[in-house]
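Participant: Here it is, the structure, as structure tokens.
Below, the structure is given as structure tokens:
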């Protein structure tokens with residue numbers, strides 16, 4: 099290493115650290131401005147109309163959330179550049195909770211003090227409840243289960259959120275709830291109120307929503323806000339109005355200060371019963387809507403942030419981080435907040451390199467609110483309303499315009515449908531409509547997915563039992579007597595009835611041979627509901643009327659328990675642990691029922707082989723075979739032993755087993771009477787590749803390799819017939835494998 103190289107490298111690393119620190123401080127400063135604007139805008143959204151008189155005490159709930167959630171998530175998120183705070187999706191529903199609670203308190207005759215305290219407690223409890231649920235979702239690692247909510251239903255909720263944000267902007271400007279008869283109030287607004295709001299809302303929507311090739315407009319948000327503030331004060335000067343005049347007209351933010359509770363004493367308020375707990379309880383369902391909206395938005399925002407920044411996202415960790423942040427925010431009197439896509443992207447593009455940027459942004463907000471409350475009070479309300487307009491318009495444009503090209507017409511119809519329900523009948527009705535829509539969509543779409551993965555019969559799907567050439571031929575001839583189906587997915591009423599109809603059509607098909615066995619394999623299923631048991635009762639009755647046996651295989655434990663409790667398995671239904679075991683039993687039944695008097699002698703070794711040999715050749719071969727008897731569990735040969743002989747099974751059965759590292763044996767195939775085992779190692783002159791063990795008391799005939807070679811020299815005709823017999827056996831085995839492959843594809 100050259101002299102001075104170490105010093106140069108350390109200076110270079112130091113300069114990088116300084117550059118990173120400057121980038122974090124710059125990004126944190128820009129983010130702090132946008133965070134404050136979002137917090138104050140969403141705070142005024144909640145404390146508007148009838149609650150506008152309490153904005154001085156209510157808006158700090160958003161500011162507390164802005165600081166606390168940003169700080170906690172910056173330190174605990176799985177992504178370094180995350181910026182968190184109050185968000186429009188949850189706040190749109192939270193505003194409805196606050197308005198509903200206040201209305202309930204007034205209906206009960208409560209005082210304004212009671213209404214304010216009850217609303218503040220409701221907001222804080224909503225944050226704590228949301229935090230607990232989010233943390234529970236993250237801790238149980240169930241975050242990705244939220245992705246199964248139908249996309250159009252999510253779109254309908256978020257489009258409804260956009261409407262609620264626009265309605266909130268109307269309330270902030272006019273002080274009235276939006277109704278058709280109140281729309282005329284917009285014409286009576288001061289131009290100082292609507293011009294800056296329209297400027298900020300329209301310009302921000304165009305720059306951040308309308309795509310422009312090669313350009314990213316997300317950094318335009320702080321610039322538009324600054325321009326909007328400047329425009330307001332220019333218009334204020336042109337109108338000849340002072341700052342006090344603007345504040346009296348409600349065009350400026352009230353002087354707010356951070357606090358945990360309002361300025362009156364909390365203990366005395368509790369003593370006088372100042373909190374209307376029934377009003378909070380009555381609006382608990384709306385609180386759960388806020389929680390649901392938060393969970394869905396966190397999932398979408400975190401996924402989008404990870405995709406845009408290239409960082410690995412741990413969704414469960416994001417849920418836990420948001421949970422902790424909301425619990426802390428609620429305990430300090432703050433509202434719901436979580437990861438924000440827009441603010442995180444602004445933080446990234448403003449030069450942030452680490453978590454320090456978000457921490458600095460949170461600290462900067464705290465310093466600004468604690469040390470410069472008069473400066474915060476100079477924020478123009480119309481600019482904050484413009485920010486609300488942007489948030490609402492962005493959601494409506496995305497889900498009403500952008501989603502049209504991405505969704506099918508019947509999926510897209512759900513978006514304006516749920517939006518209309520929320521607009522005309524309220525949030526709870528919209529949630530109910532969304533749940534119903536999700537259930538109907540699940541039933542319709544999932545019902546279109548066949549629960550039958552594949553179909554087979556005794557000719558295309560066999561057990562792992564190797565049978566003689568004659569037995570294999572008989573099974574192929576009787577293959578149509580088995581109707582088998584491999585099921586998949588989750589079974590419910592719709593899919594179970596489609597399965598019932600499918601089996602009925604198969605049983606009604608009049609072929610040369612009637613169906614005697616109906617096999618349903620559940621290995622690829624992941625559950626069923628209670629309605630399926632009714633369908634299986636009908637299926638058993640259908641099979642009984644057709645003279646067929648119903649066979650169920652590979653039932654999962656929960657599905658089996660459900661069918662046992664309903665009594666379905668007691669209806670003479672045959673059940674096997676595996677499909678292979680069920681097929682083996684059916685094959686035995688088919689061969690037994692199809693056996694003739696001549697076939698009954700198949701257990702005799704010579705009768706089994708005489709169809710493939712002339713009498714002299716069979717006599718010569720028999721003289722070369724050694725008889726070997728095995729007890730159940732006794733090995734015929736073991737893996738690794740030399741392949742010095744092959745065996746013909748005379749009676750009983752042997753199984754080819756593969757030992758696993760954990761000591762277990764996996765049965766690959768069984769060989770019954772009339773089959774040959776061990777021939778591959780003999781012909782290839784390789785060691786044994788698996789263990790072969792007797793499954794029952796078994797007798798085999800052993801043909802040693804030296805004896806086979808001697809037979810080829812001494813009696814070529816007998817040797818030729820033996821080799822031909824082996825080729826037939828292998829060909830029959832390959833034919834079965836080919837049929838299985840053809841059925842699978």
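Residue numbers (this note's numbering): 99 to 843.
Note that CB positions come from ideal geometry on N, CA and C, so glycine has one too.
Computed from a prediction, not measured in an experiment: that's the story for all the values here.
1) Roughly how many angstroms separate the alpha carbons of residue 135 and residue 301, rounded to a whole number?
2) Buried or exposed for residue 724, please, with buried defined as at least 16 other CB atoms from any protein chain shown within 10 angstroms of its CB.
3) Beta-carbon within less than 7 Å of residue 366's beta-carbon, same chain only, minus the 5 sequence neighbours each way: which residues are those?
4) Three-state secondary structure (DSSP) at residue 651?
5) Rounded to whole angstroms, how far is the Cβ of residue 442 from the Cβ of residue 144, which I believe are closer than 8 Å?
6) Which residue comes first and which comes last in the beta strand (DSSP E) that contains residue 615?
7) Give me the Cα-Cα distance between residue 684 and residue 657, rounded to the nearest whole angstrom.
8) Shortest alpha-carbon distance to residue 512 belongs to which of 326, 248, 803 and 140?
9) What does DSSP give as the partner residues of residue 437 in its beta bridges?
10) If we call anything under 8 Å between Cβ atoms a contact, is residue 381 one with residue 195?
11) Under 7 Å Cβ to Cβ from residue 150, same chain only, skipping five residues before and after it: list those, please.
12) What separation, rounded to the nearest whole angstrom, lies between the Cα atoms of residue 647 and residue 411?
13) Taking the alpha-carbon positions, what's the residue 405 to residue 216 distance?
14) Could you compute how far the alpha carbon of residue 846 sits from the alpha carbon of residue 733?
15) Would you kindly work out how many angstroms separate the C-alpha atoms of residue 769 and residue 675, rounded to a whole number?
16) Give me, in chain order, the residues of the same chain whose beta-carbon lies closer than 6 Å to that of residue 364; leave out the 5 immediate sequence neighbours on both sides.
17) What span of residues does the beta strand (DSSP E) with residue 735 cover, start to end?
18) Name the DSSP bridge partner or partners of residue 757?
19) Look at the alpha carbon of residue 618 and the alpha carbon of residue 710, and state the distance between them as a whole number of angstroms.
20) Are residue 483 and residue 324 close, meaning C-beta to C-beta below 8 Å?
21) Please report the Cβ distance between residue 594 and residue 630, rounded to the nearest whole angstrom; I am assuming they are in contact, meaning their Cβ atoms lie under 8 Å.
22) Per DSSP, residue 728 forms a beta bridge with which residues?
23) Apply the 10 Å Cβ neighbour rule to residue 158 and answer buried if 16 or more other Cβ atoms are within range, or exposed otherwise.
24) So the candidates are 498, 812, 772 and 782; which of them puts its Cα closest to the Cα of residue 823?
25) Taking C-beta to C-beta, are residue 774 and residue 744 nearer than 8 Å?
26) Consult DSSP for residue 582 and reduce its assignment to one of helix, strand or coil.
27) Check the C-beta distance from residue 437 over to residue 420 and give it rounded, since I have them as a contact under 8 Å.
28) Apart from the five residues just before and just after residue 505, which ones in its own chain have a Cβ nearer than 7 Å to its Cβ?
29) Rounding to the nearest angstrom, what Cα-Cα distance links residue 672 and residue 627 in this structure?
30) If you pair each beta-carbon of the stretch 331-339 with each one of the stretch 286-296, do three or more pairs fall below 8 Å?
31) By DSSP's criteria, residue 745 is part of a beta bridge. Which residues make up the other side?
32) Enumerated in chain order, which unbroken segments of the alpha helix (DSSP H) with a length of 4 residues or greater are wholly contained in the stretch 504-547?
33) Among 568, 591, 232 and 427, which has the Cα closest to the Cα of residue 829?
34) Between the C-alpha atoms of residue 834 and residue 234, what's the straight-line distance to the nearest angstrom?
35) Out of 719, 122, 792 and 396, point me to the one whose CA is closest to residue 439's CA.
36) What is the DSSP secondary structure of residue 787, counted as helix, strand or coil?
Facilitator: Concretely, from the data shown:
1) One Cα belongs to residue 135, the other to residue 301, and the distance between them is close to 16 Å.
2) The residue is exposed, with fewer than 16 neighbouring Cβ atoms inside 10 Å.
3) Note that residue 366 scores a pLDDT of 49, beneath 50, so its modelled location is shaky; the value from the coordinates is reported in the next line. Counting only Cβ-Cβ distances below 7 Å, and skipping sequence neighbours, we find nothing.
4) Taken through DSSP and simplified to helix, strand or coil, residue 651 comes out as strand.
5) With 8 Å as the limit, residue 442 and residue 144 do not qualify as a contact, their Cβ atoms being about 23 Å apart.
6) According to the DSSP assignment, residue 615 belongs to the beta strand (DSSP E) that extends over 615-626.
7) The straight-line gap from Cα to Cα measures roughly 23 Å.
8) Nearest C-alpha to residue 512: 248.
9) Answer by DSSP bridge pairing, in chain order: 182.
10) It is a contact, given that the beta carbons lie within the stated cut-off.
11) So the list reads 273, once near-sequence residues are dropped.
12) When only Cα atoms are considered, residue 647 and residue 411 end up about 52 Å apart.
13) Rounded to the nearest whole angstrom, the CA to CA distance from residue 405 to residue 216 is 41 Å.
14) This structure does not reach residue 846, given that the chain is present from 99 up to 843, and the question cannot be answered.
15) Roughly 21 Å between the two C-alpha positions.
16) Annotation note: pLDDT 45 at residue 364 (below 50); position unreliable, no value reported.
17) Its beta strand (DSSP E) spans residues 733-735.
18) Answer is 763.
19) So the two alpha carbons sit approximately 37 Å from each other.
20) No, they are not a contact pair.
21) Contact flag correct, Cβ pair sits at about 5 Å.
22) 796, per the DSSP bridge assignment.
23) Taking every protein chain shown into account, the CB of residue 158 has 16 or more other CB atoms within 10 angstroms, so this residue is buried.
24) Residue 772 is the option with its Cα nearest to residue 823.
25) Yes, Cβ-Cβ distance for residue 774 and residue 744 is below 8 Å.
26) Note: residue 582 maps to strand in three-state DSSP.
27) Contact holds; Cβ gap of about 7 Å.
28) Around residue 505: 250.
29) The alpha-carbon atoms of residue 672 and residue 627 are separated by roughly 21 Å.
30) Judged by Cβ distances under 8 Å, the stretch 331-339 makes contact with the stretch 286-296, as three or more pairs qualify.
31) According to DSSP, residue 745 shares a beta bridge with 775 and 800.
32) Counting whole runs of 4 or more residues, the stretch 504-547 contains the alpha helix (DSSP H) stretches 507-510, 512-523 and 525-545.
33) Answer by Cα proximity: 568.
34) When only Cα atoms are considered, residue 834 and residue 234 end up about 52 Å apart.
35) When only C-alpha atoms are compared, the closest one is 396.
36) Looking at residue 787 - three-state DSSP - the assignment turns out to be coil, as it is neither helix nor strand.
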